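J.: Protein chains in written order, with my numbering: chain H, 6 to 293; chain C, 99 to 328. All C-beta atoms in this analysis are idealised placements derived from N, C-alpha and C, irrespective of residue type, glycine included. Treat the numbers as computed from the prediction; the structure is a model and nothing was measured.
1. Taking C-beta pairs closer than 7 Å, name the residues in chain C that residue 258 of chain H reaches, listed in chain order.
2. Mind checking if residue 254 of chain C is an interface residue toward chain H, Cβ cutoff 8 Å exclusive?
3. Under three-state DSSP, which class holds residue 45 of chain H?
4. For chain B, find out if any of its Cβ atoms is closer than 8 Å to the Cβ of residue 204 of chain C; answer yes or no.
5. If we define contact as Cβ-Cβ less than 8 Å, is residue 107 of chain C a contact residue for chain H?
6. Please list, in chain order, the residues of the segment 52-64 of chain H that have any C-beta partner in chain C closer than 9 Å.
7. Is the shortest distance between the beta-carbon of residue 150 of chain C and the beta-carbons of chain H less than 8 Å?
8. When you compare only the Cα positions, how much space is there between residue 188 of chain H and residue 210 of chain H?
9. Does the separation of the CB atoms of residue 30 of chain H and residue 45 of chain H fall below 8 Å?
10. Is the CB of residue 287 of chain H under 8 Å away from at least one CB in chain C?
11. Tell me, please, whether the segment 228-239 of chain H touches the segment 257-268 of chain H by the rule of three or more beta-carbon pairs shorter than 8 Å.
12. Which stretch, first to last residue, makes up the alpha helix (DSSP H) that contains residue 290 of chain H?
13. Are the C-beta of residue 75 of chain H and some C-beta of chain C separated by less than 8 Å?
14. To the nearest angstrom, how far is the alpha carbon of residue 283 of chain H from that of residue 122 of chain C?
15. Can you find at least 3 beta carbon pairs, one from the segment 126-136 of chain C and one from the segment 188-198 of chain C, that sit closer than 8 Å?
16. For residue 257 of chain H, list the residues DSSP reports as bridge partners.
17. From the DSSP output, in three-state form, read off residue 280 of chain H for me.
18. Run through DSSP, which three-state label would residue 236 of chain H get?
19. Please determine, among H:292, H:125, H:247, H:89, the residue with the shortest C-alpha to C-alpha distance to residue 113 of chain H.
20. Could you check the C-alpha separation between residue 307 of chain C and residue 65 of chain H for me, to the nearest Å?
21. Tell me, please, whether the CB atom of residue 275 of chain H is closer than 8 Å to any CB atom in chain C?
22. Identify the residues that DSSP records as bridge partners of residue 62 of chain H: which are they?
23. Kindly indicate which three-state DSSP category residue 326 of chain C falls into: helix, strand or coil?
24. Taking the C-alpha atoms as reference points, what is the distance between residue 14 of chain H and residue 63 of chain H?
25. If you pair each beta-carbon of the segment 170-177 of chain H with each one of the segment 132-141 of chain H, do three or more pairs fall below 8 Å?
26. Along chain C, which residues have their Cβ under 8 Å away from the Cβ of residue 107 of chain H?
27. Kindly list the residues whose CB is nearer than 7 Å to the CB of residue 198 of chain C, restricted to its own chain and excluding five residues on each side of it in sequence; keep chain order.
28. If you reduce the DSSP assignment to three classes, tell me which class residue 55 of chain H lands in.
29. Please check the pair residue 265 of chain H and residue 76 of chain H, which I expect to be a contact at CB under 8 Å, by giving their CB distance rounded to whole angstroms.
30. Quick one, which of H:288, H:255, H:128, H:122 has its alpha-carbon nearest residue 269 of chain H's?
31. If you check the beta carbons only, do residue 263 of chain C and residue 295 of chain C fall under 8 Å apart?
32. For residue 71 of chain H, tell me which candidate among H:123, H:253, H:248 has the shortest Cα-Cα distance.
33. Would you list the one or two residues that DSSP bridges to residue 117 of chain C?
34. Which chain C residues sit within Cβ distance under 8 Å of residue 290 of chain H?
35. Quick one: which chain C residues come within Cβ less than 9 Å of residue 271 of chain H?
36. What distance in whole Å lies between the Cβ atoms of residue 162 of chain C and residue 183 of chain C, which are believed to be in contact at a cut-off of 8 Å?
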């Protein structure tokens, strides 16, 4: 009579994801934590992600907020399949045609070729530093082509056409398709990165501190672009930021991380107006 | 089996604590044990002096606040009887999108978005085409007396009263089943207030359940089916 279950149209779900830097020891789990810090006093290993659980629903933006060193970017790289996890599962569910669900796949259990194919075709990532996401020696067209070639596009004409489309979407002048990244400003480089990340029409777009370091007016334009992409493409996104202002503008739900642990998660307005954990309260009181 | 006459909203022993970790860990307890029922189609008014916890009740129902203990049973069209206090985030999202309309006391909107888009947003979220949603948004803004020349500006540039009216338009536009209104007539002049009361009366006529927090009980008296003094 009293229902709790809902339709769960999740796309990616992380279960007990763990990532440690260092060889680790049996004491790591009990001696690290949001209060104790992430460094094990016995073996010196750093626990960057400890038992992280999250689910991304189709079309939503899930925010991850936390201070530097809280494990946000490590988690991002684990989801991006660029960094092997030490434990846990990362389930992916493809929404096929007619919204028919297919059986989920644990991405971490795939072999390394299948993982790479998945990353090339179904994931897109945008970094704070453009040189991480772009090949600075290739033109814009070359950069987008690089990703599309990896996703098995072979027709040069179609690749160019796709690049122009994406430059239009991200409000870059299409005439500059053959310019190299070093000729673009910081805000434009983020648009180039976004174009590249979106080119293969990924299932999930990962955004790692994409507006940090930009001046405020440029930051606002990039945020508006991300919001428009969510609206127009119904794109599912995982957004990492240390800036609650960015999270507030974009994310529907938010995870708060500290020293590798999730200390709190909830609806973004609840996190901002009724934070439960001392660290979140500190974060909110510092931001407002 | 569900009884035919379930209340729309059944709040039982609602308790809300704020644990202020940054202020020597003290606990503030605005709501100790609140219980009330709102029947389908009823207009229910909660009044009481400032700081009595009126807004906290609404925010618990909208899940902007987490409930410390107690239950908020809501008879949902999509999910049947659900306890909002413990429902999943996903479910709360859907309830907000399709069933709950909330007008907070202060407008909190995204910066740089035109007033017309802000007003149309709840409809667009429901899948209405942008053009149709804009026509409907324009109708509400016009009715609430917001000049057309301002529609393309961000609501951040609006006066307090104008923001309040826009906020109301957003709450009403998607025709929710349960309207949660926080001081809907505060900071409005006589003319606007009359329009808002008329809107509430129309919604009531259409069968919408309304839960209002207000200390302006004088003007809401005519509409109210039940009053609750905190």
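T.: In this structure, then:
1. 187
2. no
3. coil
4. Judged by its chain identifiers, the structure shown contains no chain B, and its protein chains are H and C.
5. no
6. 60, 62
7. no
8. 25 Å
9. yes
10. yes
11. no
12. 283-292
13. no
14. 11 Å
15. no
16. Beta-bridge pairing links residue 257 of chain H to no other residue.
17. coil
18. helix
19. H:89
20. 29 Å
21. yes
22. H:15
23. strand
24. 6 Å
25. no
26. Ordered by position in chain C, no residue passes the 8 Å Cβ test against residue 107 of chain H, which lies about 20 Å from the chain.
27. 160, 274, 276, 278
28. strand
29. 4 Å
30. H:288
31. no
32. H:248
33. C:125
34. 120
35. 161, 164, 187
36. Incorrect: roughly 12 Å between the Cβ atoms, too far for contact.
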